[in-house]
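Novice:
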Amino acid sequence: MIELTVNGETHELDADPGMPLLWALRDHLGLTGTKYGCGAALCGACTVHVDGRPRRSCVTTLRVAAGKDIRTIEGLQGPVAKAVQGSWERLNVVQCGYCQSGQIMAAVSLLEGNPRPGPAEIDDAMSGNLCRCATYARIRDAIGKAAEQLAAGEPG
Ligand code: FES
Ligand code: FES
Numbered sequence: 555m556i557e558l559t560v561n562g563e564t565h566e567l568d569a570d571p572g573m574p575l576l577w578a579l580r581d582h583l584g585l586t587g588t589k590y591g592c593g594a595a596l597c598g599a600c601t602v603h604v605d606g607r608p609r610r611s612c613v614t615t616l617r618v619a620a621g622k623d624i625r626t627i628e629g630l631q632g633p634v635a636k637a638v639q640g641s642w643e644r645l646n647v648v649q650c651g652y653c654q655s656g657q658i659m660a661a662v663s664l665l666e667g668n669p670r671p672g673p674a675e676i677d678d679a680m681s682g683n684l685c686r687c688a689t690y691a692r693i694r695d696a697i698g699k700a701a702e703q704l705a706a707g708e709p710g
C-alpha cells in the first residue's frame with residue numbers, strides 16, 4: 555500500500571511504487587485536471603506541486619511522492635493562486651487549454667517563491683512548460699499582472 559496525501563487528503567493506494575504519480579492522480583483518484591503530454595519531463599503539462607515545489611508528475615514515482623504534500627490544480631488555494639487564476643481569466647490566456655493547468659501550477663509556484671519576478675525570471679521559471687497554441691506572451695503578461703495585484707494587496 556502506498557500512502558499519498560493529495561490536496562490535503564490522505565489516500566491508501568494499492569499500486570506499484572514505480573508507477574508515475576500522474577497515473578495515480580488521474581486513474582486512481584479521478585483528478586484529471588493534471589494532463590499527460592509527453593511522459594518524459596519535456597512539456598510541463600503534468601506539473602503538480604510536491605512539498606510546494608513544481609514537479610513533473612509523469613516522471614515522479616509513487617515511491618518518491620509517498621509521504622509528501624501533493625497539490626494539484628483542483629486543490630490550488632490561497633491568495634497567489636487566486637491572483638494567478640483571476641489574471642488568467644481577465645487576460646483570456648487560455649486557447650485550447652491542454653497545457654494550462656501545468657502553466658498555472660508553474661506560475662503559482664514562481665510567485666509563491668518570488669513575488670516580484672522580472673521578465674527574465676518569468677521566462678526562466680516557465681521555460682519548461684510548452685504550449686502548442688503559443689500563448690506564451692499572454693502567460694507572461696498574466697504573471698506580471700498577478701504579481702502587481704498581489705503587491706497592491708488587491709483581492710483576486
Ligand atoms: S507529460 Fe510530464 S512533462 Fe510532459
Ligand atoms: S493553450 Fe493549447 S497547448 Fe497551451
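So the sequence shown is numbered by this note's numbering: it starts at 555 and just counts up by one. Cβ atoms here follow ideal geometry from the backbone N, Cα and C, with glycine treated the same way.
Are the CB atoms of I697 and V647 nearer to each other than 7 Å?
Specialist: Taking 7 Å as the Cβ cut-off, I697 and V647 do not qualify as a contacting pair.
Novice: Ligand 1 heavy atoms versus the CB of A679: any closer than 6 Å?
Specialist: No, the beta carbon of A679 sits no closer than 6 Å to any heavy atom of ligand 1.
Novice: Only counting runs of 4 or more residues, tell me where the alpha helix (DSSP H) segments fall wholly within the stretch 616-684, in order along the chain.
Specialist: Entirely contained in the stretch 616-684, the alpha helix (DSSP H) runs reaching 4 residues are, in chain order, 616-619, 633-644, 654-667, 673-680.
Novice: For the alpha helix (DSSP H) holding E702, just list the boundary residues, first then last.
Specialist: Start and end: 690-705.
Novice: Any chance the CB of Y533 is under 6 Å from a heavy atom of ligand 1?
Specialist: Lying before the first or after the last residue shown, residue 533 is absent from the chain, which here runs from 555 to 710.
Novice: Apply the 10 Å Cβ neighbour rule to M659 and answer buried if 16 or more other Cβ atoms are within range, or exposed otherwise.
Specialist: M659 should be labelled buried.
Novice: Looking at C687 and ligand 1, is the gap between the Cβ and the nearest heavy atom below 6 Å?
Specialist: No; taking the cut-off as 6 Å, the Cβ of C687 has no heavy atom of ligand 1 nearer than that.
Novice: Going by alpha carbons, who is nearest to R686 out of C592, E563, R610?
Specialist: Considering only alpha carbons, the answer is C592.
Novice: With distances taken Cα to Cα, identify the nearest neighbour of I556 among V618, Y652, A701.
Specialist: I556 has its Cα closest to that of V618, out of V618, Y652, A701.
Novice: CA-CA distance, E563 and P608?
Specialist: The alpha-carbon atoms of E563 and P608 are separated by roughly 19 Å.
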